Amino acid sequence: MSSELLTYEFVCKLSELPSGSKKCVELPTSHRSVMLLNIRGQVFCMDQACYHHGGPLVNGDIEELGGKVTIKCPWHAYQIAVETGEGLYKGVDMSMTPSGKLQPSSPRLKSKGVKQRTHFVELRNDGQDIYIADSSAIPGTTLTHDKKSVFVFNCFCLFL
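Residue numbers for the sequence shown follow our numbering, so the first one is 295 and each next one is one higher.
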């Protein structure tokens with residue numbers, strides 16, 4: 295099933311999500327708790343609880359890792375690509391030197407594969423309204439953490 299066959303639902307106005315911000319919303323039909331991110335004017339959406347242990351991603355830092363925009367889980371520092379949901383990390387490969395010693399390579403970006411569920415985003419009404427399609431409605435797209443009990447947080451931003 296492609297994203298065109300999914301039902302898109304209004305979740306908020308773009309004016310409620312300034313560039314560089316994050317916001318938790320609930321999808322109206324499925325009641326799934328998701329996080330919206332506005333990165334340099336592009337809106338992304340993913341489940342708001344981290345796939346690893348349910349950490350509140352809305353409290354995570356946005357970082358660039360190997361040319362990819364990521365969110366860093368505040369609980370265990372897992373890096374997640376906001377566009378794809380890939381779990382990313384810097385890893386090294388070990389090789390044997392001619393003298394028989396193990397030598398690590400320089401750290402490089404590696405992927406654990408898609409771990410975090412992302413959702414389809416459309417801006418409608420001249421780009422003023424954010425609509426989301428719940429990707430968990432696509433048959434055959436179950437992710438490992440979809441079947442676990444995950445703590446979900448109500449996320450509020452307080453401006454003092």
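Glycine included, every Cβ here is placed at the ideal spot set by N, Cα and C.
Treat the numbers as computed from the prediction; the structure is a model and nothing was measured.
Secondary structure of residue 389, DSSP reduced to three states: Strand.
Selected residue, minimal CA-CA separation from residue 355, among 361, 409, 367 and 346: If we check each option's Cα against that of residue 355, 367 comes out closest.
Residues that DSSP places opposite residue 417 in a beta bridge: Paired residue(s): 424.
Segment contact, 8 Å Cβ cut-off, at least three pairs: the stretch 300-313 with the stretch 323-334: Touching, yes.
According to DSSP, residues forming a beta bridge with residue 310: Paired residues: none, contrary to the question.
Segment contact, 8 Å Cβ cut-off, at least three pairs: the stretch 390-403 with the stretch 415-424: No, they do not touch.
Per-residue DSSP class, three states only, for residue 299: Shown here, residue 299 sits in a helix according to DSSP, grouped into three states.
Inter-residue spacing [alpha-carbon to alpha-carbon] between residue 348 and residue 326: Each residue's Cα considered, the two are about 14 Å apart.
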